[in-house]
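Listed in order, the protein sequences are those of chains F and D.
The opening residue of the first sequence carries number 1 in our numbering; numbering runs sequentially from there.
The opening residue of the second sequence carries number 1 in our numbering; numbering runs sequentially from there.
We treat Cβ as the ideally placed atom computed from N, Cα and C, and that holds for glycine.
Quick caveat: nothing in here was measured; it's all calculated off a predicted structure.
Notes follow once the structure below has been shown.
There are 2 protein chains.
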Amino acid sequence: MLQGYDKYAHEPFAVTVDLAVLTLREGALHVLLVERGQEPYRGHWALPGGFLHPDESAETAARRELAEETGLADVSGLHLEQLRTYSEPGRDPRMRVVSVAFAALLPDAPEPHGGGDAAEARWVPYDKAGPLAFDHDRILADAHERVGAKFEYTCLATAFCPPEFTLGELQQVYETVWGTALDRPNFRRKVLATPGFVEAVPGAARLTGGRGKPAAVYRAGTATALHPPLLRPSREGRPA
Amino acid sequence: MLQGYDKYAHEPFAVTVDLAVLTLREGALHVLLVERGQEPYRGHWALPGGFLHPDESAETAARRELAEETGLADVSGLHLEQLRTYSEPGRDPRMRVVSVAFAALLPDAPEPHGGGDAAEARWVPYDKAGPLAFDHDRILADAHERVGAKFEYTCLATAFCPPEFTLGELQQVYETVWGTALDRPNFRRKVLATPGFVEAVPGAARLTGGRGKPAAVYRAGTATALHPPLLRPSREGRPA
DNA sequence: CTCTTTATAGTCGTAGTGACTATTAGTCGA
DNA sequence: TCGACTAATAGTCACTACGACTATAAAGAG
C-alpha cells in the first residue's frame, strides 16, 4: 500500500523499456535486434530498449526508443502495445532492473541505421532470433503470442500492411504470424463480412507478383474489434 | 537499450504493486479497498499495494501483499493476473513511482482484518468504489475490463466460485461481471458442452436459496481455455 | 491460343447459438 | 394435503457462421 513510504526503505530500481519490434519481410516475420557492445552478453543480440527518463512514461519512452532504433521520422501512428513487466530479481546480473516490455508492429521495414547507442541494429527472421541476452527470448515469445492472439479478435493485422494492400497480402500476414495456411475464399468472405475491417479503394487493382488476376486494393477500415472473432485453426477442435 | 548504463544517469524509481482484488458478495462485484491514513489522498480509498522488495519479483510482491491485506493463510491457489504497468510521471505527487498492477480473483470474501499498514480495509461494491486515490480508478476499471474479456475465452469464472458450485451460481458470476442477463438453458448447454470446464460431483445436489428444484453440484474442471469462446452479448451484433 | 497462376464467386453441410417451450423437483402458504 | 410458486433441466427450431469444396474470371508466359 502506498502509505508505507516512511516505513519501508523503498529500494530504488532502474526501470527500462524493452521493445519487440516486429515486421514482415519477404513473407517472414522479422524482429529488430541490436548487438550488444558491452558486458554482460557482449556480442549477443538483444531487443532494443533503454532507460526510462525521469519525466516520461513507459509508453513515451518506448516510442522514443522506437524512433531512435528504427530511424523512422514518424512513429506516432504505429501500433505500440504494452505486453507486461518483467521483474525477476536475477534478470540483469549487474543491478536490479525492472523492464516494461512492448510490442511494436511495422508495415514496411526500412533497414535500421543504428541511430541509438546500439553497436549494430538489424532485422532478424523470427525463427533465427537465436538465444538473446537477458530474458529477451521470453519477451519475444510473449510478444509473438500476444500479437497472434490479438489477430483473432481485433483488426490489428492491418498494422503489418502498407496503407493500401490486397486481401491476399492481408491473408499472408495472418498466415505468417499464425504459422498456418488459411483457405482463401473463406478468409475473404470473413474479412469482407466484417464491417469496418477493410474498405475498398475504388477502381484500384494490383498484380501480386506479376502473375494471375489483378487483386482489388483495400485500405484499413475504422473498426478495431472483430465480432465474431476470426479464430485460428488451433490445437483444439482437432480429433484429440 | 541496455548498454546505456554508463551513458544515461538512470534515474532511480520507486516500484510498487497495486492490487485490484475482486470478489462476489451477495450477487454483486466487490473490490478490496484500504483507507489512506496519510497524505496525499488522506481519508480517500485506494487499492491495496506496496513497494517491491529488493529480492522479489512483482508477482511475488503482489502475492505477499494479497496475503497481508486479506489475512488469508493460503493465497497460493488464487488467480493473480498482471494487468499492466502505470508509469505516468505525475501519478504520485510526491515522487516518481512506477506501479505494476494486478487483478486477483477470490471465491469467498472473508472480512479483511487490516493486517498490513492499512488504517482500514474493506470490501466495497464495485459501483460504489467512488473516486479512488492516485490513478486507481483507472486501474480498477482496467481490471474489470480484463476479467470480463477473459471470461469470454477462458475458464477463469470458476475462480470466483467456491470449490463446489451449481451452474446457476456460475451463471450469476458471468452475469455479475458482464452486467448482462444470460439465457439459462443456453448457458447450461454451452458450459456442459465444453469439455473440462466443469465436472459433476456425483450424487450431490443443493438448493439455491431454499426454493425450487435442487441443482446439481459441479467442480472446476481441468481446462483453462474455452473453444469456441463464450462471447458476451455485446454492443456489436445488435441492429446498429 | 492454351497453360499456369491468382482472384473472385458461389455451393453445401454442419456446428454453434439465440430464442423459445415443456417438464421435473423441490418449498411455501392456505 | 393441495395447489401456487420457484428454480433446474430437457428439448425444439431456425438461423448464422464457417470449413471444405467447386467453378469462373482475368491476367502473363510460352
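For this session: Report the partner residues of D:Arg188 according to the DSSP bridge assignment.
Result: Here residue 188 of chain D corresponds to residue number 188 of the second sequence, with the count starting at 1. DSSP lists no partner for D:Arg188.
Problem set entry | Neighbour list for D:Ser76 in chain F, Cβ cutoff strictly below 7 Å | Within the second sequence, numbered from 1, the residue matching residue 76 of chain D stands at position 76. The contacting residues do not exist; D:Ser76 stays about 18 Å from chain F at best.
Problem set entry | Every unbroken beta strand (DSSP E) within the stretch 24-49 of chain F, with a cutoff of 3 residues, ordered by chain | Taking 3 residues as the minimum length, the beta strand (DSSP E) runs contained wholly in the stretch 24-49 of chain F are 28-35, in order along the chain.
Exercise. For F:Arg64, which residues does DSSP report across the bridge?
Worked result: Position 64 of the first sequence, counting from 1, holds the residue named residue 64 of chain F. According to DSSP, F:Arg64 bridges with nothing at all.
Exercise. DSSP state of D:Phe134, grouped into three classes?
Worked result: As a first step, residue 134 of chain D must be located in the second sequence, where it is residue number 134. Of the three classes helix, strand and coil, the one that applies to D:Phe134 here is coil, per DSSP.
Exercise. Does any CB atom of chain D fall closer than 8 Å to the CB of F:Ala67?
Worked result: In the first sequence, residue 67 of chain F corresponds to position 67, counting from 1. It does not; no Cβ of chain D falls within 8 Å.
Problem set entry | Given 8 Å, three or more beta-carbon pairs between the stretch 196-214 of chain F and the stretch 177-187 of chain F | A contact is defined here as three or more CB-CB pairs under 8 Å, and the stretch 196-214 of chain F fails this definition with respect to the stretch 177-187 of chain F.
For this session: Assign D:Gly203 to one of three DSSP states: helix, strand, or coil.
Result: Mapped onto the second sequence, residue 203 of chain D falls at position 203. Looking at D:Gly203 - three-state DSSP - the assignment turns out to be strand.
Problem set entry | Within 8 Å, strictly: CB atoms of F:Val17 and F:Val100 | Here residue 17 of chain F refers to the residue found at position 17 when the first sequence is read from its first residue. Here residue 100 of chain F refers to the residue found at position 100 when the first sequence is read from its first residue. Going by C-beta atoms, F:Val17 is nearer than 8 Å to F:Val100.
For this session: With DSSP as the reference, label D:Arg241 as helix, strand or coil.
Result: Examination of residue 241 of chain D is not possible in this model, given that chain D is present from 1 through 240 alone.
Exercise. Residues of chain F with a CB under 8 Å from the CB of D:Pro163: which are they?
Worked result: As a position in the second sequence, residue 163 of chain D is number 163, starting the count at 1. Per Cβ cutoff of 8 Å: no residues; D:Pro163 is ~26 Å from chain F at best.
For this session: For D:Thr222, count neighbouring C-beta atoms within 10 Å of its own C-beta (all shown protein chains included) and say buried if the count is 16 or more, exposed if not.
Result: Start at 1 with the first residue of the second sequence, and residue 222 of chain D comes out as number 222. D:Thr222 is classed as exposed because its beta carbon has fewer than 16 other beta carbons within 10 Å across all chains shown.
Exercise. Can F:Leu29 and F:Thr166 be called in contact, C-beta distance under 8 Å?
Worked result: Within the first sequence, residue 29 of chain F is the residue found at index 29, counting from 1. Within the first sequence, residue 166 of chain F is the residue found at index 166, counting from 1. No; because the gap between Cβ atoms is not below 8 Å, this pair is not in contact.
Exercise. Which whole-angstrom value is the C-beta distance of D:Ala46 and D:Leu33, which I expect to be below 8 Å?
Worked result: Residue mapping note: residue 46 of chain D aligns to position 46 of the second sequence, counting from 1. Residue mapping note: residue 33 of chain D aligns to position 33 of the second sequence, counting from 1. Indeed they touch by this definition, with Cβ atoms about 7 Å apart.
Exercise. Should F:Ala129 go down as buried or exposed, given a rule of 16 or more other Cβ atoms within 10 Å for buried?
Worked result: If you number the first sequence from 1, residue 129 of chain F lands on position 129. Looking at its Cβ environment, which holds 16 or more other Cβ atoms inside 10 Å, F:Ala129 is buried.
For this session: Answer yes if the stretch 151-169 of chain F comes into contact with the stretch 101-108 of chain F, meaning at least three C-beta pairs across the two stretches below 8 Å, and no otherwise.
Result: With a cut-off of 8 Å, the stretch 151-169 of chain F and the stretch 101-108 of chain F count as touching, because enough Cβ pairs lie within range.
Exercise. Cβ of D:Asp55 less than 8 Å from any chain F Cβ?
Worked result: Within the second sequence, residue 55 of chain D is the residue found at index 55, counting from 1. So yes, D:Asp55 belongs to the interface.
Exercise. At a CB-CB cut-off below 8 Å, which residues of chain D make contact with F:Glu96?
Worked result: Here residue 96 of chain F refers to the residue found at position 96 of the first sequence. Per the sequence presented here, residue 96 of chain F reads as Arg, with Glu not at that position. By Cβ distance, chain D contributes Pro54.
For this session: Can you check DSSP and say which residues form a bridge with F:Gln82?
Result: Reading the first sequence from its first residue, position 82 is the one you call residue 82 of chain F. DSSP, once it has assigned bridges, lists F:Phe102 as partnering F:Gln82.
Exercise. Which residue or residues does DSSP assign as beta-bridge partners of F:Leu19?
Worked result: Translated into the one-based positions of the first sequence, residue 19 of chain F becomes position 19. Answer is F:Phe102.
Exercise. Would you report the Cα separation of D:Arg232 and D:Glu164, rounded to the nearest angstrom?
Worked result: Here residue 232 of chain D is taken as the residue at index 232 of the second sequence, counted from 1. Here residue 164 of chain D is taken as the residue at index 164 of the second sequence, counted from 1. Distance between the alpha carbons of D:Arg232 and D:Glu164 is about 24 Å.
Exercise. DSSP on D:Thr154, reduced to helix/strand/coil?
Worked result: Working through the second sequence from its first residue, we reach residue 154 of chain D at position 154. DSSP places D:Thr154 in strand when its eight states are reduced to three.
Problem set entry | With 16 other Cβ atoms within 10 Å as the buried cut-off, status of D:Gly196 | In the second sequence, residue 196 of chain D corresponds to position 196, counting from 1. Using a 10 angstroms sphere on the CB of D:Gly196, the tally of other CB atoms stays under 16, which defines it as exposed.
Exercise. How long is the line joining the alpha carbons of F:Gly179 and F:Glu145, rounded to whole angstroms?
Worked result: Translated into positions along the first sequence, residue 179 of chain F becomes position 179. Translated into positions along the first sequence, residue 145 of chain F becomes position 145. One C-alpha to the other measures close to 12 Å.
Problem set entry | Contact with chain F by D:Pro131, beta-carbon distance below 8 Å | Walking along the second sequence from the start, residue 131 of chain D turns up at place 131. It does not: the Cβ of D:Pro131 has no partner Cβ on chain F nearer than 8 Å.
Exercise. Whole-angstrom Cβ separation of F:Pro48 and F:Glu35, contact assumed at under 8 Å?
Worked result: What you label residue 48 of chain F is simply residue 48 of the first sequence in a count that begins at 1. What you label residue 35 of chain F is simply residue 35 of the first sequence in a count that begins at 1. Their Cβ separation, rounded to whole angstroms, is 11 Å, which puts F:Pro48 and F:Glu35 out of contact at 8 Å.
For this session: Could you check how far apart the C-beta atoms of F:Asp92 and F:Phe51 are, in whole angstroms? I think they sit under 8 Å.
Result: Within the first sequence, numbered from 1, the residue matching residue 92 of chain F stands at position 92. Within the first sequence, numbered from 1, the residue matching residue 51 of chain F stands at position 51. Incorrect: roughly 12 Å between the Cβ atoms, too far for contact.
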